[in-house]
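What follows is a set of notes on a single structure, which appears directly below.
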Amino acid sequence: AMADCDENAMSSRCRSGGEGTTRGSAEYLPLDEPFHANLRDRAANGQYANLYFARLAKLRPAVQQQMAAKWGLSEARLREMQSKTLDVPEEAECIVLGTFYAEMKLKPNVLEEYTRDPLAAAAPVPDKYCGPGDKLIIEDETGRLVISGALVTQAKLVTGVVLAVRGQLDPATSIFAVNDICIADMSAQPPLPASVTLTESEAEPRPTDHYLALVSGLNVGAEGDGEHMLALQLLCDYLSANVGGGEELGLQRQIVRLGVCG
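Positions 4 to 265 (this note's numbering) are the ones given, in order, by the sequence shown.
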């Protein structure tokens, strides 16, 4: 086993009995720049409305394509049946395309926390935010429309989903009764690389090979009986070459990158 390793789990050099063992290295091209958050240049006074409208505009053609395929509608019939939330006709079947929003009464409200009497007792924390008084809403650039129907509740939709609902408006309640829904399909995925078949000799590990360690299910901070923490410690010890013999050391020194998948 190796001892006195650097605290970094992917350290470049560890020592075993005074003899240095160098970890392999490999160049790579980082492609995660679009996901970096530049907090220094980001304004904190923005609203989510612009994000939702941009997403709606981007996904509208994809939803319309799915609508035509699912409901067998021609382009002319699709334009005829489609309506904005504020222009829905009464007692006539139509289609409304927008962003789904769940208005949950039990969800914490920041404004209410500021206006609440500080001396009043705090309200008990609910087990869940969903409740019987919730409203299901579809929103577009013109306004909002309350929707209802067993199909909507069974679909288990979440706020932000872009979808089209088909049904008709109840003039007595101004609630849109939904009889069918349509959402955008998965976007086109890049093709998988062609599989490569290796011979038995080619599949044998070589000293010049480099490996990427992928880990998941870490659940850091989860409550437990200590067994989970022991597994995490063993993982750290293995990656830092603190456990194992000569065979394991040969593999450990070839691990050049660590990827945390979740």
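For glycine and all other residues, C-beta sits at the position ideal for the given N, C-alpha and C.
- Short of 6 Å from the beta carbon of Ile186, and not among the five residues preceding or following it, lie these beta carbons of its own chain, in chain order: Leu166.
- Taking every protein chain shown into account, the CB of Phe38 has fewer than 16 other CB atoms within 10 angstroms, so this residue is exposed.
- With a 10 Å radius around the Cβ and a threshold of 16 neighbouring Cβ atoms, Gly220 comes out exposed.
- The DSSP-derived three-state label of Cys264 is coil.
- As the crow flies, the alpha-carbon of Arg169 is around 12 Å from that of Leu76.
- Between the C-alpha atoms of Lys138 and Glu106 there is a straight-line separation of about 5 Å.
- Counting only the Cα atoms, Arg147 lies some 27 Å from Tyr117.
- Less than 8 Å divides the Cβ of Gly101 from the Cβ of Asp143.
- The Cβ atoms of Leu154 and Asp183 lie closer than 8 Å to each other.
- Here Gln255 is buried, its C-beta having at least 16 other C-beta atoms within 10 Å.
- Where Ala60 is concerned, the enclosing alpha helix (DSSP H) starts and stops at Ala52 to Trp74.
- When DSSP reads this structure, Lys138 sits in a beta bridge with Glu106.
- Annotated as proximal: Thr162 and Phe103, with beta-carbon spacing under 8 Å.
- Cα atoms of Gln67 and Leu160: separation of roughly 19 Å, rounded to the nearest angstrom.
- For Asn245 and Pro210, the gap between their C-alpha atoms comes out near 20 Å.
- For Lys87, the closest of Val259, His213 and Leu172 by C-alpha to C-alpha distance is Leu172.
- CA-to-CA, the gap between Ser198 and Cys239 works out to about 32 Å.
- Taking all protein chains in view, the Cβ of Tyr55 is crowded by 16 or more other Cβ atoms within 10 Å, so the residue is classified as buried.
- Scanning Ile98, Val113 and Asp90 for the CA closest to the CA of Arg80 turns up Ile98.
- The residues Met107, Leu109 and Lys110, in chain order, have a CB closer than 6 Å to that of Tyr132 in the same chain once the five nearest residues on each side in sequence are set aside.
- In this chain, the alpha helix (DSSP H) harbouring Leu238 covers Glu230 to Leu242.
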